[in-house]
Structures are given as C-alpha cells and as structure tokens.
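Numbering (my numbering), first residue to last: 3 to 674. Ideal Cβ positions, reconstructed from N, Cα and C, are used throughout, including at glycine.
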Amino acid sequence: MILPLHEQLKARVRAVLAERYEIADPDLAIPIENPPNRTLGDLGTPVAFDLARRLRKAPRAIAQEIATALGPIPGVIKVAAAPNGYLNVFLDRPAFLLARLGVAGTLPPAPLRTGKTIVEHTAINPNKAAHIGHLRNSALGDTLVRALRFRGTPVEVQNYIDDTGVQVADVVVGFREFENIDLAGARHLAATTRFDYYCWDLYARVTEWYDGDTERLKVRAATLHDIEHGVEPTASLAAFIADTVVRAHLKTMARLNIDYQLLTWEGDILRLKFWARAFDVLKQTGAVFLQTEGRLAGCWVMKIDDQTVTDADPAAGPAVDEAEDREKVIVRSNGTVTYVGKDMAYQFWKSGLLGHDFHYRRFATHTNGDTLWATTSDASLAVAEHPAFGAAAATYNVIDVRQAYLQKLLKQALSAIGHQAEADRLTHFSYEMVALSHATARELGFAPPPDSDEAKRPFVEVSGRKGLGVKADDLIDRVIAKALVEVNRRQGDLPDLERRRIAEDIGIAAVRYFLIKYSRTKVIAFDIDEALSFEGESGPYLQYAVVRANNIFQKLHDRLGLDEAAMLAPLPAAPPDCINGDEGDHELWALVLEAARLDEVVEQVVRTLEFAVLAKYGFGLAQMFNAFYHRAQILNEERDDVRRWRAAAVAYFRRQLTRMLDLMGVAVPPRM
RNA sequence: GCGCCUGUAGCUCAGUUGGAUAGAGCACUGGUUUCCUAAACCGGGGGUCACAGGUUCAAUUCCUGUCAGGCGCACCA
Numbered sequence: 003m004i005l006p007l008h009e010q011l012k013a014r015v016r017a018v019l020a021e022r023y024e025i026a027d028p029d030l031a032i033p034i035e036n037p038p039n040r041t042l043g044d045l046g047t048p049v050a051f052d053l054a055r056r057l058r059k060a061p062r063a064i065a066q067e068i069a070t071a072l073g074p075i076p077g078v079i080k081v082a083a084a085p086n087g088y089l090n091v092f093l094d095r096p097a098f099l100l101a102r103l104g105v106a107g108t109l110p111p112a113p114l115r116t117g118k119t120i121v122e123h124t125a126i127n128p129n130k131a132a133h134i135g136h137l138r139n140s141a142l143g144d145t146l147v148r149a150l151r152f153r154g155t156p157v158e159v160q161n162y163i164d165d166t167g168v169q170v171a172d173v174v175v176g177f178r179e180f181e182n183i184d185l186a187g188a189r190h191l192a193a194t195t196r197f198d199y200y201c202w203d204l205y206a207r208v209t210e211w212y213d214g215d216t217e218r219l220k221v222r223a224a225t226l227h228d229i230e231h232g233v234e235p236t237a238s239l240a241a242f243i244a245d246t247v248v249r250a251h252l253k254t255m256a257r258l259n260i261d262y263q264l265l266t267w268e269g270d271i272l273r274l275k276f277w278a279r280a281f282d283v284l285k286q287t288g289a290v291f292l293q294t295e296g297r298l299a300g301c302w303v304m305k306i307d308d309q310t311v312t313d314a315d316p317a318a319g320p321a322v323d324e325a326e327d328r329e330k331v332i333v334r335s336n337g338t339v340t341y342v343g344k345d346m347a348y349q350f351w352k353s354g355l356l357g358h359d360f361h362y363r364r365f366a367t368h369t370n371g372d373t374l375w376a377t378t379s380d381a382s383l384a385v386a387e388h389p390a391f392g393a394a395a396a397t398y399n400v401i402d403v404r405q406a407y408l409q410k411l412l413k414q415a416l417s418a419i420g421h422q423a424e425a426d427r428l429t430h431f432s433y434e435m436v437a438l439s440h441a442t443a444r445e446l447g448f449a450p451p452p453d454s455d456e457a458k459r460p461f462v463e464v465s466g467r468k469g470l471g472v473k474a475d476d477l478i479d480r481v482i483a484k485a486l487v488e489v490n491r492r493q494g495d496l497p498d499l500e501r502r503r504i505a506e507d508i509g510i511a512a513v514r515y516f517l518i519k520y521s522r523t524k525v526i527a528f529d530i531d532e533a534l535s536f537e538g539e540s541g542p543y544l545q546y547a548v549v550r551a552n553n554i555f556q557k558l559h560d561r562l563g564l565d566e567a568a569m570l571a572p573l574p575a576a577p578p579d580c581i582n583g584d585e586g587d588h589e590l591w592a593l594v595l596e597a598a599r600l601d602e603v604v605e606q607v608v609r610t611l612e613f614a615v616l617a618k619y620g621f622g623l624a625q626m627f628n629a630f631y632h633r634a635q636i637l638n639e640e641r642d643d644v645r646r647w648r649a650a651a652v653a654y655f656r657r658q659l660t661r662m663l664d665l666m667g668v669a670v671p672p673r674m
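In structure tokens form, the structure reads like this:
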C-alpha cells in the first residue's frame with residue numbers, strides 16, 4: 003500500500019511551494035512517479051520542470067531548494083535532486099516493509115467511501131449458451147466490482163435479463179415451428195439435455211428459416227406480441243426458456259467465480275409500468291416530445307445532442323450542413339416503446355429517479371450462502387424483507403462499444419430531465435468485441451471462402467445468429483482438461499479429486515487472465531491455442547509464482563517448525579543491511595516496493611477502466627519474484643538476518659499477488 | 001457522409017497524468033536442474049513508434065491533416 007505515502011508527499015511539497023515560492027495554485031499537480039530503478043530513488047516527481055519557467059531557474063536548482071526545504075517526512079530517509087531536475091525520494095526500507103507486514107509500526111487507515119455504486123454486467127440474451135464474447139463482458143464487469151470493493155466502495159452487482167425480446171421469441175418460434183414442443187416438452191428437454199446448447203443450435207436454425215422467406219418474420223412478431231402481453235401458452239414457454247437458460251448462464255459464470263446480487267428482468271419493468279412513469283417525467287420536462295411533421299410524425303422523439311452542432315464556431319453562422327435535425331424515436335407511432343425507452347426507465351430506477359420499485363424474490367443461493375435476488379412483478383411472490391436495491395450514487399453499465407450510441411442517449415436523457423449530476427455519474431464501460439482468429443474459426447468448421455471479403459479481414463466475427471462462436475463452457479472445459487494433463491504429470495501422487503480441483507483453479511486463471519490482459523479498446527481475435535498456453539504471460543504464471551512463495555513457507559514450517567510470524571518477529575532488531583542493499587543489490591527492496599503498488603494500480607484501473615494495467619502489473623510482479631527466487635535462496639541461506647529479510651519480502655509479495663489474483667476472481671492452488 | 005476506436009519488433013500486445021535508456025510474451029537462438037517446483041531463470045538477434053506538420057524544456061503519449069483497418073449512426077434489440 004503506497005498511496006497514503008504519495009498523499010503525504012504531495013502535501014509536503016505543496017506546503018514547501020507555498021512557503022518558499024508563494025505558489026498556492028490548487029490546480030498545480032504534483033505528479034508522483036516511479037523512478038526507473040532503485041538507485042535513482044523510490045518515488046520521484048518532475049514538479050521542478052513545471053516551475054522552471056515560472057521561477058526563471060534551472061529545474062535542478064529548484065529541485066535542490068525543495069529538497070532542502072522539505073524537512074523530515076515520516077518514512078522518508080532522504081530526498082535528493084537528480085542532475086536532470088527530478089526530485090527523488092528514498093524511503094525507510096525496513097520500516098516500510100515491517101509496517102506493511104504488521105510486524106512493527108502502523109499504517110494510516112484506508113479512506114472511507116460511501117455512496118453505493120451499481121455495476122451492471124453480463125446481460126446475455128437468455129436464449130442460448132454463453133460464448134467467449136459474453137465472457138469478456140463478465141470478466142471485465144466482475145473485476146470492476148472487485149476493484150471497487152478493494153478500495154472500499156459499496157457495490158451492487160446487477161445482471162439485466164432481456165426475457166421479453168426478439169431473441170427469446172426466436173427460440174420459442176423454433177420450439178413450435180420445428181419441434182412441436184410445448185411447455186411440458188421443454189421441461190422434459192431441460193431435464194435431459196444441455197438445454198442452453200440445444201437452444202444455441204435451434205436459434206441458428208430459426209435465423210436460417212427467416213432468411214428463407216421474410217414472410218416468416220410475421221411469426222416472430224406475433225410471438226413477441228404474445229410474450230409481451232402474457233398470452234398463453236406462448237408466455238409460459240418463453241418464461242421457462244428464459245429462466246432455464248439464465249440458470250445455465252449463472253452456472254457457467256459461477257465456474258469463473260463470477261456472481262451477482264440481483265437479476266433485473268425486463269418483463270418486470272414492462273409489467274410494473276416503469277415506462278409509463280419514466281414517460282411522464284420525460285414528457286413533463288420536454289425531453290421527449292410528440293413529433294407532428296416529417297417522416298417521424300406521430301412518434302415521441304428525443305433530440306440527439308450532436309457534438310458537431312454544439313462545437314460549431316458561432317462566427318461561421320448556423321450549421322447549415324445540419325440539414326435534418328437528428329431525432330431518436332422513443333415511442334413508435336403505433337404506441338409501442340422502443341428498447342431505448344425501456345432502458346431509460348431502468349436507468350432512472352438505478353439512479354433513484356423513478357419513484358417506483360420492483361418486488362423482489364429469492365432466485366438462488368450462492369455457494370457462500372448469500373441470496374441471489376431477482377425482481378418480480380408478482381406481488382404474491384414478493385419477499386417483504388430484502389436488501390435495498392437501486393437508487394445508487396453512481397452507475398457503471400458494462401456493454402460493448404457497439405452500444406456506445408445508445409448509452410450516450412441514456413446519459414442525455416438523464417441530463418434532459420434535469421439531472422446532470424446523475425448523468426455525470428453514469429459510466430458506459432465500453433470494450434471491444436471478441437472475434438475469432440482464422441485458425442480457430444477453421445477449427446470450428448467456419449472457414450470463409452477464399453478470396454471472399456470475410457477471408458481478407460483480420461478476424462472472423464462471432465455470430466450467435468449463425469451459431470458461430472466458441473461456447474464459454476466448451477472453452478472452460480478444454481482449458482481445464484489441458485491443465486489436468488499438466489497437473490497429472492507433476493502431481494501424480496495427489497488424489498484424483500485434488501488434482502481436478504487444482505486443474506480447475508489453473509483453468510480459471512488462464513481464461514480470466516486472457517480476457518483481462520488486452521486493452522478494452524482492442525478487438526480480441528480469439529485463438530484457442532493461445533488461450534490454452536500456460537507459459538509466459540498467463541494466469542497460471544502468476545499462480546505459479548505464489549505457489550512457489552507459499553512452498554518456501556511450507557518448507558520452513560516442515561523442516562524448521564517456523565511459521566511466518568516466527569520468521570519475521572526478530573526483524574525489528576535485525577541488521578537492515580540486506581534490505582538496504584548495502585552490497586549494491588536492491589533486488590529485494592525492488593520486489594517489496596513493487597508489491598506495495600497494488601493500491602496505486604487499482605486506483606489507476608478504476609480511473610481508466612483499463613484492466614490490462616492490472617494484469618500487466620500482476621505479471622510484472624510475478625516476474626520480479628521469479629527472478630528473485632532464482633537468485634536469493636531462503637532455506638539454504640545461512641546468514642540469519644539475510645534469510646529473514648528475504649522471507650519478509652516473499653511474505654509481502656505473496657500477500658499482495660494473492661490479493662491481486664483475487665481481484666481477477668482467481669484462487670491460488672496448493673500445488674502446481 | 002458524420003461519429004467513435006485502432007495502427008509500436010516476424011506474430012500478439014504493453015508503454016501510467018507528456019518525463020529519466022521504447023518494453024513483454026510468443027517464435028528463433030545459446031545456456032541453467034545432486035539446488036525453496038524448469039508452468040521457471042539467465043543471455044542473444046530483431047524498431048522509420050503508419051505518414052506529414054504543429055505545441056512543449058521534453059511527444060509513442062497532446063493538436064491538425066493524410067493513409068490503412070474495425071465499429072456505430074433504423075418507428076431492430
């Protein structure tokens with residue numbers, strides 16, 4: 003944990019600037035950076051560069067003046083001006099490490115955060131099995147949830163279920179038109195097959211069927227109407243399909259240690275007339291109005307804020323090129339609501355602006371005993387005692403980049419009804435999609451014809467409609483199977499069940515690391531061989547580093563009867579030469595300092611929503627440890643103080659990397 | 001047409017709020033195992049940071065333009 007130290011340092015530098023140069027500019031940033039190596043310092047700031055012009059002095063001279071004026075700072079042993087003008091800070095290494103291990107000294111308390119944050123992620127159409135594209139959403143969403151909780155933010159995790167949309171309707175059509183299966187038949191099927199896989203294939207067949215004759219789309223429209231209006235037997239069949247597939251999704255996600263607190267069902271938003279409520283507000287404020295002329299006559303529309311209009315140079319006159327006003331239809335001329343409208347109602351509820359609430363029912367129980375709640379519109383199913391849902395101070399919607407336009411409309415709706423603050427606290431966590439590498443598409447039997455446009459593209463697009471994609475469970479199964487082969491080879495003496503569990507931990511790490519390690523703005527061209535690789539930059543590499551660290555303590559215990567506490571207890575009185583690098587070797591300290599940066603990295607990750615940074619940090623930390631591990635022995639080290647300082651560094655490292663892995667939902671297996 | 005994103009080593013990607021010597025994995029190649037686990041470690045080769053301007057003490061990073069690729073812009077969801 004290093005952020006409190008950053009804050010302390012910034013405050014001191016700020017105070018010196020005020021005293022000595024009468025600079026009290028609250029906007030002046032004091033960036034705290036990490037010098038490239040430990041000889042230069044442990045923390046550094048280029049603040050003198052900014053001041054050079056202002057003070058008409060060389061950066062180095064300024065840095066020197068600040069350094070002498072700073073005075074003693076707790077935890078800091080030396081402040082030095084580098085020849086190039088950087089101001090570098092050297093920390094009290096033994097004190098730093100011992101405080102963080104809880105052996106001596108104290109740490110400042112973590113900042114208290116209030117204000118519930120809602121994170122909505124996953125939101126898979128409940129009409130077929132989940133695929134890798136969905137996994138990217140869930141892995142990012144779940145990591146965001148864990149990162150927010152890590153820094154003390156209260157979080158409510160929601161999974162939105164579109165149970166009344168076309169996609170579910172399509173599968174209902176398939177059941178009836180192709181299979182002649184009714185509710186009882188569907189129940190039987192669900193009890194005897196992989197229902198979500200069955201729907202996957204059926205859905206692809208239905209889209210093909212529509213393509214054969216567009217007249218058939220009328221069947222879809224009629225089915226959708228029946229679902230929305232609760233017309234039997236269609237409504238019950240649709241509800242059963244959605245419920246069954248959602249449970250399959252939850253099971254898939256649970257394999258990756260991803261869970262939720264509330265499932266919000268679109269059908270409930272409809273039946274509880276959330277839209278009517280939201281519509282009132284939108285009409286009252288004029289955000290949505292009835293268009294009386296043009297091609298959208300008879301529709302209720304919302305004006306779309308266009309950057310090009312607002313940013314236009316006023317001197318250039320009115321934006322003549324903006325020939326048509328851009329308007330988004332919210333209520334169609336036939337009186338039905340578009341899904342944007344439904345989404346607005348949901349968002350108003352999330353932001354605490356609807357003045358209406360769902361009923362709630364228990365949907366399932368997590369392995370830890372917690373209840374997974376679901377919304378309901380049926381008062382007879384409602385449970386009186388339930389947590390308070392919705393009405394959050396901030397919202398994150400985890401949805402891929404293709405929805406950016408609609409998420410912008412959502413934000414705009416909030417500000418249009420006079421809630422700019424809520425709009426500002428709504429974040430579209432957008433990320434690029436997952437496609438398939440050509441090699442993997444070929445392996446799945448989807449080779450585009452040579453010389454076609456498809457073949458020339460850098461990747462092959464996943465398509466649920468075509469049934470083209472890697473199913474999440476298939477991927478997880480394959481990765482675990484691969485891990486099991488490796489575990490069997492290395493840990494043959496362990497019982498079957500134990501080996502299986504280790505392989506699962508490893509498989510989860512491989513999949514989750516893979517989904518996190520790319521920048522969110524980058525399309526992942528998913529390649530199965532790459533995902534199955536456990537060498538180099540991979541989840542298992544990180545786990546392996548912690549397993550080795552844990553092994554050292556296991557061996558210390560087995561051979562010498564020493565546990566971690568006993569190993570570390572004498573350190574406050576031990577000579578600190580080893581950690582201070584008096585022999586010119588700063589590797590041990592470098593490992594400690596890097597391990598301490600977890601909170602800094604989490605802050606950065608929450609600020610930028612760039613989880614690749616977290617992944618790279620974990621990998622880099624594991625790399626540092628592995629190098630250290632090879633160079634600095636502990637069990638075979640004879641100098642007592644050296645051995646204990648090394649053990650302390652390893653103890654802190656394993657603690658921090660274990661926490662980092664937990665942020666990805668990854669556990670550390672006992673052996674690998 | 002308009003908007004958003006991307007372009008860095010053979011391939012896949014990092015590069016923080018503009019800051020110290022542009023990095024990693026894979027692939028290629030040479031080495032390390034009587035040693036706390038070789039899913040590891042150490043070394044080597046490999047760069048017009050797409051291109052052209054601009055701002056700055058400092059640009060892979062910010063701005064403008066060009067080129068190339070991806071995505072989005074429905075009374076679908």
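Between the segment 139-159 and the segment 185-205, the count of Cβ pairs shorter than 8 Å is below three; the stretches do not touch. If the five residues before and after Ala-131 are omitted, its C-beta is found closer than 6 Å to the C-beta atoms of Asp-198, Tyr-199, Trp-202 and Lys-473, all from its own chain and listed in chain order. Annotation: Trp-211 to Gly-469 spans about 13 Å, alpha carbon to alpha carbon.
Gly-509 counts as buried, since no fewer than 16 other beta carbons sit within 10 angstroms of its beta carbon. Uninterrupted alpha helix (DSSP H) stretches at least 4 residues long and entirely within the segment 240-286 occur at 268-273 and 276-286, given in chain order. Taking 8 Å as the upper bound for CB-CB distance, Leu-274 and Phe-360 are in contact here, some 6 Å apart. Assignment of Ser-540 by DSSP, reduced to helix, strand and coil, places it in the coil class. The alpha-carbon separation between Val-342 and Ile-32 amounts to approximately 43 Å.
Note on geometry: alpha-carbon atoms of Glu-295 and Asp-479 lie some 57 Å from one another.
Per DSSP, Gln-658 is one residue of the alpha helix (DSSP H) stretching across 642-665. Its chain contains Ala-83 as the residues whose beta carbon lies nearer than 6 Å to that of Gln-66, once the 5 sequence neighbours on both sides are disregarded; these appear in chain order. A distance of 8 Å or more separates the beta carbons of Ala-125 and Trp-267. Residue His-251 holds the alpha-carbon nearest to the alpha-carbon of Asn-161 among His-251, Ile-229 and Arg-151.
Separation of Pro-37 and Asp-426 (C-alpha to C-alpha, rounded to the nearest whole angstrom) is 35 Å. Remark: C-beta atoms of Leu-45 and Val-91 approach each other more closely than 8 Å. When secondary structure is reduced to three states using DSSP, Phe-92 falls in the strand class. With 16 or more other Cβ atoms inside 10 Å of its own Cβ, Asn-129 counts as buried. Contact fails between the segment 527-547 and the segment 573-591, because fewer than three Cβ pairs, one in each stretch, are under 8 Å apart. Just so you know, the alpha carbons of Phe-98 and Leu-146 end up roughly 29 Å apart. Exclusion of the five residues before and after Glu-589 leaves Phe-630 as the residues of its chain whose Cβ lies within less than 6 Å of its Cβ. Nearest to Leu-374 by C-alpha distance, out of Lys-344, Ile-260, Leu-428 and Tyr-407, is Ile-260. Exclusion of the five residues before and after Gly-354 leaves Ala-393 as the residues of its chain whose Cβ lies within less than 6 Å of its Cβ. Using a 10 angstroms sphere on the CB of Glu-158, the tally of other CB atoms reaches 16 or more, which defines it as buried. A direct Cα-to-Cα measurement between Lys-305 and Tyr-348 gives close to 20 Å. Beta-bridge partners assigned by DSSP to Ile-401: none are found. Annotation for Ala-83: the continuous beta strand (DSSP E) segment containing it runs 78-83. The alpha-carbon separation between Asn-628 and Glu-605 amounts to approximately 26 Å. Here Val-331 is bridged, per DSSP, to Val-303. When His-190, Glu-217, Asp-380 and Ala-278 are compared, the shortest CA-CA separation from Ile-332 is found for Ala-278. Of all alpha-carbon atoms in Phe-516, Glu-596 and Val-15, the one lying nearest the alpha-carbon of Phe-528 is that of Phe-516. Beta-bridge pairing by DSSP links Gly-46 to Glu-35 and Asn-90. Around Val-18, the same chain offers Ile-68, Ala-71 and Leu-72 as residues with beta carbons nearer than 8 Å, after the five sequence neighbours per side are excluded.
In this structure, the CA atom of Leu-416 is about 9 Å from the CA atom of Leu-284.
Here the alpha carbons of Leu-611 and Ile-243 stand approximately 34 Å from one another. In the three-state reduction of the DSSP assignment, Ala-614 falls in the helix class. Listed as beta-bridge partners of Gln-160 by DSSP are Glu-122 and Leu-264.
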